[in-house]
Amino acid sequence: GAGVSQSPSNKVTEKGKDVELRCDPISGHTALYWYRQRLGQGLEFLIYFQGNSAPDKSGLPSDRFSAERTGESVSTLTIQRTQQEDSAVYLCASRGDIGGAKTQYFGPGTRLLVL
Amino acid sequence: AQSVTQLDSQVPVFEEAPVELRCNYSSSVSVYLFWYVQYPNQGLQLLLKYLSGSTLVKGINGFEAEFNKSQTSFHLRKPSVHISDTAEYFCAVSENGNKLVFGAGTILRVKS
């Protein structure tokens, strides 16, 4: 497809379980971002990948959170030993570099509920 | 560090009335500014952006915003709103096109 896609769209898990969230960026976009949106709040930056550079992990809230990206394609965000406060919508965005473009395009998000 | 303040958490307005959603930011360097809209149960969609040049930028759906460097503001305006504009609006700032720092959002409720 032409846009950013994310899967699953919804995920319900039990406290203490691990979850993996997937993001497929727009083809050719070198930059990929993960954000978290808690209920009634704005978006919080989690992690940023740019090409082959070391990712900017400055937004990850704890060492239970990690993310990987293979080349300039798919990324997975993993949350280990989930806690109820991890419940949120996790949004992925990608950005191209053509013409110095600065716009991030967002996927529909994965709604995570930790029981 | 960058920060974004959206001064109103909710803005109720009647259909066909004008609206302004306020956004102020702080940053020690030049920034890029964005407004995104999130319709109920949907993802974020870019409304408009300021990168450089003219301080008045026009976006989709009749929205526009004005960058005011001296007041560090980027308020969003529409001269006449529709019911379909009911959504949550997020202001965001970015240094060098990297990570976005978002405001808390403003819910625009358009009433008939």
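Note that the protein sequences, when read in sequence, are chains C and D.
Everything in the first sequence is counted per the numbering used here, starting at 1 for the first residue and increasing by one.
Everything in the second sequence is counted per the numbering used here, starting at 116 for the first residue and increasing by one.
Glycine included, each C-beta is placed from N, C-alpha and C at the ideal position.
Predicted model, so just to flag it, every value in this text is computed and none were measured.
Which same chain residues, not among the five before or five after residue i, have their C-beta less than 8 Å away from its C-beta?
i: Ser73(C); result: Asp24, Pro25
i: Ser195(D); result: Glu131, Ala132, Pro133, Gly177
i: Lys193(D); result: Pro133, Val134, Asn176, Gly177, Phe178, Glu179, Asp200
Consider the Cβ of residue i: report whether some Cβ of chain D lies at a distance smaller than 8 Å.
i: Phe126(C); result: Any answer about residue 126(C) is impossible in this case: the structure gives chain C only from 1 up to 115.
i: Leu113(C); result: no
i: Thr103(C); result: yes
Decide if residue i is buried, meaning its Cβ has at least 16 other Cβ atoms within 10 Å, or exposed.
i: Ile175(D); result: exposed
i: Ala132(D); result: exposed
i: Gln6(C); result: buried
If you drop the 5 nearest sequence neighbours on each side, which residues of the same chain put their C-beta closer than 6 Å to that of residue i?
i: Gln117(D); result: Ser142, Val208, Val216
i: Phe65(C); result: Ile79
i: Leu21(C); result: Leu77, Tyr90, Thr110
Look up residue i in the DSSP assignment and say whether it is helix, strand or coil.
i: Asp86(C); result: helix
i: Ile47(C); result: strand
i: Asn176(D); result: helix
i: Ser145(D); result: coil
i: Ile79(C); result: strand
i: Asp56(C); result: strand
i: Ser209(D); result: strand
Quick one: is residue i near chain C, going by C-beta distance under 8 Å?
i: Lys164(D); result: yes
i: Val102(D); result: With chain D covering only 116 through 227, there is no way to say anything about residue 102(D).
i: Ala180(D); result: no
i: Asn213(D); result: yes
i: Ala219(D); result: yes
i: Tyr147(D); result: yes
How many whole angstroms separate the CB atoms of residue i and residue j, which I take to be in contact at a CB cut-off of 8 Å?
i: Ser47(C); j: Ala67(C); result: Residue 47(C) is actually Ile in this sequence, not Ser. Going by Cβ atoms, the distance from Ile47(C) to Ala67(C) rounds to 5 Å, so yes, they are a contact pair.
For residue i, which residues from the same chain have a beta carbon less than 7 Å from its beta carbon, with the 5 sequence-adjacent residues on both sides left out?
i: Tyr151(D); result: Leu159, Gln160, Leu161, Leu162, Phe205, Ala207
i: Tyr154(D); result: Ala202
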